[in-house]
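Student: Just so you know, the protein sequences line up as chains A and B, in that order.
Taking numbering that gives the first Met the number 0, I'd label the letters of the first sequence as residues 0 to 438.
Taking numbering that gives the first Met the number 0, I'd label the letters of the second sequence as residues 0 to 438.
Virtual Cβ for every residue (Gly too), placed ideally from N, Cα, C.
Given the structure is predicted, the values throughout are model-derived calculations rather than measurements.
Protein chains: 2
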Amino acid sequence: MSLIEHILDLSTLPAERLSPQALGLARLSLLDWIACAIAGTDEPVAVKLRALAEAEGGRSIASVTGAMAAPARMAALVNGATSHALDYDDTHFAHVGHLSVGVYPAALAVAEEVDASAEAMVAAFLVGAEAAIRIGMVLGRSHYNQGFHQTATAGAFGATVAAGRLHGLDAQQMRHALGLCSTRASGLKSQFGTMGKPYNAGAAAANGVECARLAALGMTSADDGLCGLQGFIPTHTTAPELDGGRGLPPKDVFLFEDNQYKLHACCHGTHAMIEALLEAGELKGRDLDNIAAFTLRTNPRWLRVCDIKRPRTGLEVKFSYNWLAGMTIRGDRTGDDRIYQDALTEDAALSTFAGKVQVIGDDTLTDMQAQGSLTLKDGTTLSISHDLAVRLPQALLAGKLRTKAEAMIGARGASLWAMFGDLTGRSARDVGTALRKMG
Amino acid sequence: MSLIEHILDLSTLPAERLSPQALGLARLSLLDWIACAIAGTDEPVAVKLRALAEAEGGRSIASVTGAMAAPARMAALVNGATSHALDYDDTHFAHVGHLSVGVYPAALAVAEEVDASAEAMVAAFLVGAEAAIRIGMVLGRSHYNQGFHQTATAGAFGATVAAGRLHGLDAQQMRHALGLCSTRASGLKSQFGTMGKPYNAGAAAANGVECARLAALGMTSADDGLCGLQGFIPTHTTAPELDGGRGLPPKDVFLFEDNQYKLHACCHGTHAMIEALLEAGELKGRDLDNIAAFTLRTNPRWLRVCDIKRPRTGLEVKFSYNWLAGMTIRGDRTGDDRIYQDALTEDAALSTFAGKVQVIGDDTLTDMQAQGSLTLKDGTTLSISHDLAVRLPQALLAGKLRTKAEAMIGARGASLWAMFGDLTGRSARDVGTALRKMG
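Below you can see the structure in the form of structure tokens.
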């Protein structure tokens, strides 16, 4: 089956055929996405995009984080960029990008427009995310290595599918929506480190909303915008993977189940170590003086990324195994972006502890694994390990995401979970209202 | 000088350093562009985009052809698509695309927003068009052959420059506007033959308006979005031309002076023949029975494109040398898209005349040249020839464009020329009002 037929097939899956496990994760993603958006409200890129939304005005259709309601396209643009501003949202490694920040803003905006239930919005998100993952996989590593940003490019198609599903597009309209998206999707990695990166996520969401809406209005486009002659795939990658889509898993396998969450506001390469230390209950809140030595084994690629031995700024702390190990053991809230202040680099206890840490590259470990051994002052040793690739039970993940939300946005994190921990009876407009008021 | 410095340098050229010849042509382009937009008002793609604009609403900033005022970005989107719907707008061969439909909608919308004079709008268009031409040239043939549509891709940068100049961006802001555009610009040729093609032009204009406005609001982006590492040029062409921009002509050479106008609503490959026949004054309105034979020489590439011997539909007439020769000689208004009806294929006089026409491929002719020889019933022969690459004197071109406008939109064409044949004292808002009311 060609990629476009595969995506069309997927986009019309009835809700009862969606994997409950994947839907559960999509609900958690919603909460995490909202928390990231609220936390990003005061970031400069968010402020500037809200100024654009205010300057344009328009019908009050969909919610803008921390502000007013706006037309759906504009709300998706602002919310996408706002939620990606802190770079703290979820990641899907096979997709090679961040799913929530491109797809959820489109799903929410259109769900508010058509007054869908929160559950219908989550289902539309899940189907859009699956489409984005699969298109991202076919675009593959060569697309990313050439300089494209799957979050924005494959993400726009996911946003189109989510928005199109909520508009109730038939297969032919969805085909046109995808065709329009194929000529609209864009996004470069060379924006990393600038406001252009979160803008990419907003643009993906906005493109999806626009293309789905135009298809609903009867706009037509190329029949196969994805893999047709000079379609998006052949023009945007030199080496399409999975036989151009024919080698993708069937539509009832939900790749979204591998979605990953960033639980700590520091380099992803340090997360396996942090989780391993957190899992060693014996260490909780322990005085760093009681630890004689800590040896960490990690994939060698991380040694060039996050093994800064003596960080000089709060930002460098985010890339320092030995600083983060000390912080984790003594109970610092590594999930709170605001704790990474320059003053941490002069913290005497952390500095002393750093001298006891040894980091060893070990290529038998994947880049999602960490292993370590601690020697306490009394001579006992403790082995720790963690593999980020192992899926957490959802109840456990939920707890961690809630802790993260509370670290990021304080009491609003608890309210968020109280309101939307169970979506039964909730509408997308309830979610939008919360985003407007809590941002 | 790098391409980005070159474009920045160009974008701030003071009005008095712009070539009067190029400005004159830009004024003619404005009139031609408005006529194309008005003529496109009822095309399906225009109707659908107006429906989108009406659904979104928003502040009444800039004019939408045949409708209301809307936010600048939306007006640019609708007007770009509307003016390209008939595929009858101007072409720049070195740019490899259509300049007016991407750049003028952005220039007009922002000029209305900031209440600029019509002359300031034309100057901004010209500078934007020069930027689009140069970026299109560097992207080159490989970009086009890979499947990208310079009208949309290079056009978006031109729209950004035009919009940015009207917003009064300083060099640093313009750099950021171009950087944002580098992650936003898109557009594929695989949309040709669908509503996606005119949508590409609208998207280019809308992207330019959005990126310039965001830069004015203080958004930042990659320093060199064009030729920097994984910037737009290296990610969108395998063979950048002109040494990545270093080989471009200096900024005081105006490449826009080579802009070409489509004067007949049929295949471009037939235009040199039509102009050659029109220039032979002796033929004007002549009875086709008086002509014994017509031999046409044309570049061989056109034989596969527009040498349909017996057209079966009005559309095929647009690709038929022998039908169009008869129509031109007897004085049919080849500039009026509406005359290409299926009934023409059964016109007895044209059918008989077609039997007297011989078309010969001649590779000593460029694809912009035509030569022919007519033998009249009385035995006299007449040689004709035309080269589209030879620039017409502007007064002559103006007459032809006015005739085209009147063929397309009747008396409104004459009013347009009466109102804006001289732009002195006119504001961009006057132009916008005309577009709204006459569309």
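Give the interface partners of ARG183(B) over in chain A, defined as CB-CB distance under 7 Å, in chain order.
Tutor: Numbered from its first residue, the second sequence carries residue 183(B) at position 184. Chain A residues near ARG183(B): SER185 and ALA202.
Student: Assign PRO13(A) to buried or exposed, taking buried as 16 or more other Cβ atoms, counted over all protein chains shown, within 10 Å of its Cβ.
Tutor: Locating residue 13(A) in the first sequence gives position 14, counting from the first residue. Exposed is the call here.
Student: Could you check what DSSP says for ARG309(A) in three-state terms: helix, strand or coil?
Tutor: Along the first sequence, read from residue 1 onward, the residue named residue 309(A) stands at position 310. Residue state, collapsed to three classes: coil.
Student: Measure from the C-beta of ASN199(B) to each C-beta in chain A and report whether the shortest distance is under 7 Å.
Tutor: Taking the first residue of the second sequence as 1, we reach residue 199(B) at position 200. Cβ-Cβ to chain A under 7 Å: yes for ASN199(B).
Student: Do you know offhand how far ALA122(A)'s Cα is from ARG72(B)'s?
Tutor: Mapped onto the first sequence, residue 122(A) falls at position 123. Mapped onto the second sequence, residue 72(B) falls at position 73. Distance between the alpha carbons of ALA122(A) and ARG72(B): 32 Å.
Student: Which one of THR294(B), SER1(B), LEU27(B) and SER18(B) has the shortest CA to CA distance from PHE419(B)?
Tutor: Numbered from 1 along the second sequence, position 420 holds the residue referred to as residue 419(B). Among THR294(B), SER1(B), LEU27(B) and SER18(B), the Cα nearest to that of PHE419(B) is on LEU27(B).
Student: Strictly by DSSP, which residues pair up with GLN370(B)?
Tutor: For this step, residue 370(B) is matched to residue 371 along the second sequence. Beta-bridge pairing links GLN370(B) to ARG296(B) and SER384(B).
Student: Below 8 Å on the Cβ atoms is my contact criterion, and I expect ALA106(B) with LEU165(B) to pass it. Report the Cβ-Cβ distance as a whole number of Å.
Tutor: Indexing the second sequence from 1 puts residue 106(B) at position 107. Indexing the second sequence from 1 puts residue 165(B) at position 166. Sure, about 7 Å apart at Cβ, within 8 Å.
Student: Give, in chain order, every unbroken run of the beta strand (DSSP E) that is at least 3 residues long and sits entirely within the stretch 327-355 of chain B.
Tutor: Whole beta strand (DSSP E) segments, 3+ residues: zero.
Student: Using the Cα positions of ILE3(B) and ALA348(B), report the straight-line distance between them to the nearest angstrom.
Tutor: Residue 3(B) sits at position 4 when you count from the first residue of the second sequence. Residue 348(B) sits at position 349 when you count from the first residue of the second sequence. Taking the straight line from one Cα to the other gives about 57 Å.
Student: Would you call GLU55(B) buried or exposed, if buried means 16 or more other Cβ atoms sit within 10 Å of its Cβ?
Tutor: The residue you call residue 55(B) lines up with position 56 of the second sequence. Classification of GLU55(B): buried, given that the 10 Å Cβ count is 16 or more.
Student: Look up VAL160(B) in the DSSP assignment and say whether it is helix, strand or coil.
Tutor: In the second sequence, counting from the first residue as 1, residue 160(B) sits at position 161. Looking at VAL160(B) - three-state DSSP - the assignment turns out to be helix.
Student: Can the beta-carbon of ALA61(A) be found less than 7 Å from the beta-carbon of GLU111(A)?
Tutor: What you label residue 61(A) is simply residue 62 of the first sequence in a count that begins at 1. What you label residue 111(A) is simply residue 112 of the first sequence in a count that begins at 1. Yes. Within cutoff.
Student: Please list, in chain order, the residues of the stretch 26-54 of chain B that have any C-beta partner in chain A closer than 8 Å.
Tutor: So the close ones are PRO43, VAL44, LYS47, LEU48, ALA50, LEU51 and ALA54.
Student: Could you tell me the distance, in whole angstroms, from the CA atom of GLU256(B) to the CA atom of GLY378(B)?
Tutor: Walking along the second sequence from the start, residue 256(B) turns up at place 257. Walking along the second sequence from the start, residue 378(B) turns up at place 379. Approximately 42 Å between the Cα atoms of the pair.
Student: Please tell me whether HIS267(B) and SER220(B) are closer than 7 Å, where the distance is taken between their beta carbons.
Tutor: As a working mapping, residue 267(B) is identified with position 268 in the second sequence. As a working mapping, residue 220(B) is identified with position 221 in the second sequence. No, the Cβ-Cβ distance between HIS267(B) and SER220(B) is not below 7 Å.
Student: Which residues mark the beginning and the end of the alpha helix (DSSP H) in which TYR103(A) is found?
Tutor: Mapped onto the first sequence, residue 103(A) falls at position 104. Per DSSP, TYR103(A) belongs to the alpha helix (DSSP H) from 99-112.
Student: Could you give the C-beta distance for PHE293(A) and VAL252(A), rounded to a whole number, given that I count them as a contact under 8 Å?
Tutor: Numbered from 1 along the first sequence, position 294 holds the residue referred to as residue 293(A). Numbered from 1 along the first sequence, position 253 holds the residue referred to as residue 252(A). Going by Cβ atoms, the distance from PHE293(A) to VAL252(A) rounds to 40 Å, so no, they are not a contact pair.
Student: Can you pull the chain B neighbours of ARG285(A), defined as C-beta to C-beta under 7 Å?
Tutor: Residue 285(A) sits at position 286 when you count from the first residue of the first sequence. Simply none; closest approach about 43 Å.
Student: Helix, strand or coil, according to DSSP, for ILE60(A) in the structure here?
Tutor: Along the first sequence, read from residue 1 onward, the residue named residue 60(A) stands at position 61. Reduced to three states, the DSSP call for ILE60(A) is coil.
Student: What's the call for LYS283(A), buried or exposed, on a 16-neighbour Cβ count within 10 Å?
Tutor: Against the first sequence, residue 283(A) aligns to sequence position 284. Exposed, since its Cβ has fewer than 16 Cβ neighbours within 10 Å.
Student: Which residues of chain B have a Cβ atom closer than 9 Å to the Cβ of ALA221(A), listed in chain order?
Tutor: The residue given as residue 221(A) occupies position 222 in the first sequence. Within 9 Å Cβ-Cβ: LEU187, SER189, GLN190, PHE191, GLY192, THR193 and GLY195.
Student: Is there at least one Cβ from chain B nearer than 7 Å to PRO392(A)'s Cβ?
Tutor: Within the first sequence, residue 392(A) is the residue found at index 393, counting from 1. Output row for PRO392(A): interface = no.
Student: So is PRO104(A) buried or exposed if we call it buried at 16+ other beta carbons inside 10 Å?
Tutor: Position 105 of the first sequence, counted from the start, is the residue given in the question as residue 104(A). The residue in question, PRO104(A), is buried, as its Cβ has 16 or more Cβ neighbours within 10 Å.
Student: Here's the rule: buried if 16 or more other CB atoms are within 10 angstroms of the residue's CB, otherwise exposed. What is ALA271(A)?
Tutor: Indexing the first sequence from 1 puts residue 271(A) at position 272. Looking at its Cβ environment, which holds 16 or more other Cβ atoms inside 10 Å, ALA271(A) is buried.
Student: Measuring from the CB of ALA123(B), is there a heavy atom of the ligand FAD at a distance below 6 Å?
Tutor: Ligands in the displayed structure: none, and consequently the ligand FAD is not present.
Student: Check whether the stretch 134-148 of chain B and the stretch 221-240 of chain B touch, using three or more Cβ-Cβ pairs below 8 Å as the test.
Tutor: The stretch 134-148 of chain B vs the stretch 221-240 of chain B: in contact.
Student: What three-state label does DSSP hand ALA155(A) in the structure shown?
Tutor: Taking the first residue of the first sequence as position 1, residue 155(A) is located at position 156. The answer is helix: DSSP assigns ALA155(A) an H, G or I state.
Student: Just to confirm my understanding: we take ALA279(A), look at its own chain, exclude 5 residues before and 5 after, and list those with CB closer than 8 Å. What are they?
Tutor: Taking the first sequence and counting its residues from 1, one reaches residue 279(A) at position 280. LEU373, LEU381 and ILE383.
Student: For ILE134(A), which residues of its own chain have a beta-carbon under 6 Å away from its beta-carbon, when the five flanking residues on both sides are left out?
Tutor: Along the first sequence, one-based indexing puts residue 134(A) at 135. So the list reads ALA153 and PHE156, once near-sequence residues are dropped.
Student: Quick one: measure Cβ to Cβ for SER82(A) and VAL100(A), integer angstroms, because I've assumed they're closer than 8 Å.
Tutor: Counted from its first residue, the first sequence places residue 82(A) at position 83. Counted from its first residue, the first sequence places residue 100(A) at position 101. 5 Å between Cβ atoms; contact.
Student: Within its chain, find whatever has a CB closer than 6 Å to the CB of GLN368(B); leave out the 5 residues flanking it on each side and keep chain order.
Tutor: Residue mapping note: residue 368(B) aligns to position 369 of the second sequence, counting from 1. Once the five neighbours on either side are set aside, the close Cβ partners of GLN368(B) are ALA271 and ASP386.
Student: Assess contact between the stretch 205-218 of chain B and the stretch 417-431 of chain A, defined as three or more Cβ pairs (one per stretch) separated by less than 8 Å. Is contact present?
Tutor: No, the stretch 205-218 of chain B is not in contact with the stretch 417-431 of chain A.
Student: Once you ignore the five residues that flank LYS47(A) on each side, which residues in its own chain have a CB closer than 8 Å to its CB?
Tutor: As a first step, residue 47(A) is located in the first sequence; it is residue number 48 there, counting from the start. Closer than 8 Å at the Cβ level, and outside the excluded window around LYS47(A), lie MET194.
Student: Which runs of the alpha helix (DSSP H) fall wholly inside the stretch 221-289 of chain B and span at least 4 residues, in chain order?
Tutor: Taking only runs of at least 4 residues, the alpha helix (DSSP H) segments lying wholly in the stretch 221-289 of chain B are 231-235 and 270-278.
Student: Where does PRO299(B) land, buried or exposed, given buried means 16+ other C-beta within 10 angstroms?
Tutor: Here the question's residue 299(B) lines up with position 300 in the second sequence. By the neighbour-count rule (16 or more Cβ atoms within 10 Å), PRO299(B) is not buried but exposed.
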